[in-house]
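According to our numbering, the sequence shown holds residues 3 to 132 in order.
All C-beta atoms, glycine included, are put in the ideal place defined by N, C-alpha and C.
Since this is a predicted model, take the numbers as computed values, not measurements.
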Amino acid sequence: MRFYFVIVTIVLISCQKNDVDISNEWRLTSYVKGPGEMVKNSGFYLKIELTKDKNFTAFLNTNECIGNYTNGVKNFEITNLSCDSLCCDSSLSREALHLIMDSVETYAINGNVLKLSGSHFTKLEFNLVQ
């Protein structure tokens, strides 16, 4: 009976998920802004940088935004975001940035792909910048 209890305890402890390190540079490849409205990268530019000290930087066509991010096992949130004047950036880049700021709630990472998801069918997919 003790052996069974020890095995169950070890399995439960080993199944706990830890935060995944998402700090890196990521380039947006596509996003979904609503049901059935997928936008592939065709003329927009958006790269994000997530640092280990929880700084967030978004690089658009000509401008950039800086702020902070928080993440847990799956949760993701941007805070204190301030941007240069949003002049001269493509409307698709600005739209993707607004989705990150307003809708994203969770993230998933699989190898070189970062997926941010949120309410209203929002999904953004980034590839690792190499």
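task = Whole angstroms is fine: what's the gap from Asn77's alpha carbon to Glu107's?
result = Residue 77 sits at position 75 when you count from the first residue of the sequence shown. Residue 107 sits at position 105 when you count from the first residue of the sequence shown. Spanning the two alpha carbons is a distance of roughly 6 Å.
query = For the putative contact between Asn82 and Asn70, defined by C-beta atoms under 8 Å, what is the C-beta separation to the nearest angstrom?
reply = By one-based count along the sequence shown, residue 82 stands at place 80. By one-based count along the sequence shown, residue 70 stands at place 68. Correct: roughly 5 Å between the Cβ atoms.
inquiry  = For Ile12 and Gly120, I'd like the C-alpha separation in whole angstroms.
reply    = Translated into positions along the sequence shown, residue 12 becomes position 10. Translated into positions along the sequence shown, residue 120 becomes position 118. Any reading at Ile12 must be qualified, since the residue scores a pLDDT of 46, below 50, and its modelled position is unreliable; no value is offered.
ask   = Taking the alpha-carbon positions, what's the Asp55 to Gly36 distance?
value = Indexing the sequence shown from 1 puts residue 55 at position 53. Indexing the sequence shown from 1 puts residue 36 at position 34. Approximately 32 Å, taken between the alpha carbons.
message = I need the boundaries of the beta strand (DSSP E) containing Glu107, first residue and last residue.
response = For the purposes of this step, residue 107 is identified with residue 105 of the sequence shown, where counting begins at 1. Counting along the chain, the beta strand (DSSP E) containing Glu107 begins and ends at 106–112.
inquiry  = Spatial neighbours of Met40 within its chain, please: C-beta separation below 8 Å, excluding the five flanking residues on both sides.
reply    = What you label residue 40 is simply residue 38 of the sequence shown in a count that begins at 1. Correct list, in chain order: Ser32, Tyr33, Val34.
key: Cβ-Cβ distance between Tyr47 and Ser93 below 7 Å   = Indexing the sequence shown from 1 puts residue 47 at position 45. Indexing the sequence shown from 1 puts residue 93 at position 91. Cβ distance not < 7 Å, so Tyr47 and Ser93 don't count as in contact.
inquiry  = Among Asn63, Lys42, Ile68, Tyr109, whose alpha-carbon lies nearest the alpha-carbon of Thr53?
reply    = Taking the sequence shown and counting its residues from 1, the one referred to as residue 53 is at position 51. Closest option to Thr53, Cα to Cα, is Ile68.
His122 at chain B interface by Cβ criterion, 7 Å = Absent here is chain B; the protein component of the structure consists of one chain.
Limits of the beta strand (DSSP E) - the one that Ser84 falls within = Sequence index remark: in the sequence shown, residue 84 carries index 82 (1-based). Residues 78–85.
task = Just mark Asp104 as buried or exposed, buried being the case when its beta carbon has 16 or more other beta carbons within 10 Å.
result = Position 102 of the sequence shown holds residue 104. Classification for Asp104: exposed.
query = Do you know whose CA, among Asn26, Asn129, Thr124, lies nearest Leu99's CA?
reply = Along the sequence shown, read from residue 1 onward, the residue named residue 99 stands at position 97. When each option's Cα is compared against that of Leu99, the closest is Thr124.
key: Residue from Ile24, Arg29, Thr59 with nearest C-alpha to Gly74   = Numbered from 1 along the sequence shown, position 72 holds the residue referred to as residue 74. Minimum Cα distance to Gly74 is reached at Ile24.
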